[in-house]
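Residue numbers (the numbering used here), protein chains in the order written: chain E, -5 to 97; chain Z, -5 to 97. C-beta atoms are modelled at their ideal positions from N, C-alpha and C, and glycine is treated no differently.
There are 2 protein chains.
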Amino acid sequence: MNKTKVVFNAEKLETSCELMRALAHPLRLRILEFIDRNGTINVNKIYHSLKIEQSITSQHLKIMRLAGVIDAYREGKFVHYSINYDVVKRAEIAVNNFLAKSA
Amino acid sequence: MNKTKVVFNAEKLETSCELMRALAHPLRLRILEFIDRNGTINVNKIYHSLKIEQSITSQHLKIMRLAGVIDAYREGKFVHYSINYDVVKRAEIAVNNFLAKSA
DNA sequence: TTCAAATATTAAATTTTTTTAATATTTAAT
DNA sequence: ATTAAATATTAAAAAAATTTAATATTTGAA
Chain E
-5 MNKTKVVFNA EKLETSCELM RALAHPLRLR ILEFIDRNGT INVNKIYHSL
45 KIEQSITSQH LKIMRLAGVI DAYREGKFVH YSINYDVVKR AEIAVNNFLA
95 KSA
Chain Z
-5 MNKTKVVFNA EKLETSCELM RALAHPLRLR ILEFIDRNGT INVNKIYHSL
45 KIEQSITSQH LKIMRLAGVI DAYREGKFVH YSINYDVVKR AEIAVNNFLA
95 KSA
């Protein structure tokens, strides 16, 4: 019931959209939550714990990595993933841009 | 670099996901922004201003209405849409749940 | 070096989402 | 009553996302 008068240029909109899309999938949210819970964790632990296919896990991790939502680094045979909270923060801000001071 | 220890149950995750999906589309974001800008507006104005098909507009409006992101009321031949900021707020909180105090 | 474990990539199959295009509904005016 | 404007619904077509299943890459260990 309260106007926002958001200034939301095309670029920002694109970025917001891409970020949200990278998050808006049930499996990805589960993976993300799991990583969040564990701080830093490797792919094996992720897909064993969540009981999802290795390949699927890898593919979803890639989508989120490309969106910048998670970071990865290799240590020997293992690749460790962690959340890039700065970028998740940006997703939040994107949504926030639609918000009134109300509610 | 900062753990969150979010408590994020399955239900919340489902809800968050659905909300984000309802937002994560370029056209829907454009429509949403336009409604936000105008406070309350009818379908005609939306699709004429944004130069999108009437049918497409209607369908995207429906998706957002079902997700609760926007509200509608009819006044004669016109249907007026407005943003449900409370629900958008919930989308923001959903994303926020992944956030550390960092950043 | 060969082998196996961990992860990534790929292509095809499947599923879901989106668009197109046509038709239906609702309401106000004639 | 008919008609026209505003919006919604629907079904089929098209496009995009996801899964499956197989293969490739990387690395450490035997």
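Among the residues facing chain E, Z/Ser43 is not included, as its CB has no counterpart in that chain under 8 Å away. Shown here, Z/His54 sits in a helix according to DSSP, grouped into three states. The alpha carbon of E/His42 has as its nearest neighbour, out of E/Arg59, E/Met58, E/Arg24 and E/Ile57, the alpha carbon of E/Arg24. The three-state secondary structure of E/Ile35, taken from DSSP, is strand. Assignment of E/Ala85 by DSSP, reduced to helix, strand and coil, places it in the helix class.
Shown here, E/His74 sits in a strand according to DSSP, grouped into three states.
For E/Ile46, there is no enclosing beta strand (DSSP E), as DSSP marks it with neither H nor E.
Going by beta carbons, Z/His54 and E/Cys11 fall outside the 8 Å limit.
A residue is called buried when at least 16 other Cβ atoms come within 10 angstroms of its Cβ; E/Tyr67 does not meet this threshold and is exposed. With three or more CB-CB distances shorter than 8 Å, the segment 30 to 45 of chain E counts as touching the segment 73 to 83 of chain E. For the segment 18 to 31 of chain E, the set of residues with a beta-carbon nearer than 9 Å to any beta-carbon of chain Z comprises Ala18, His19, Pro20, Arg22, Leu23, Arg24, Leu26, Glu27, Asp30 and Arg31, in chain order.
For Z/Glu8, the chain E residues whose C-beta falls within less than 8 Å of its own C-beta are Pro20, listed in chain order. Classified as exposed, E/Leu60 has fewer than 16 neighbouring CB atoms from the shown chains inside 10 Å of its CB. Contact of E/Arg59 with chain Z by beta-carbon distance below 8 Å is absent, the smallest such distance being about 15 Å.
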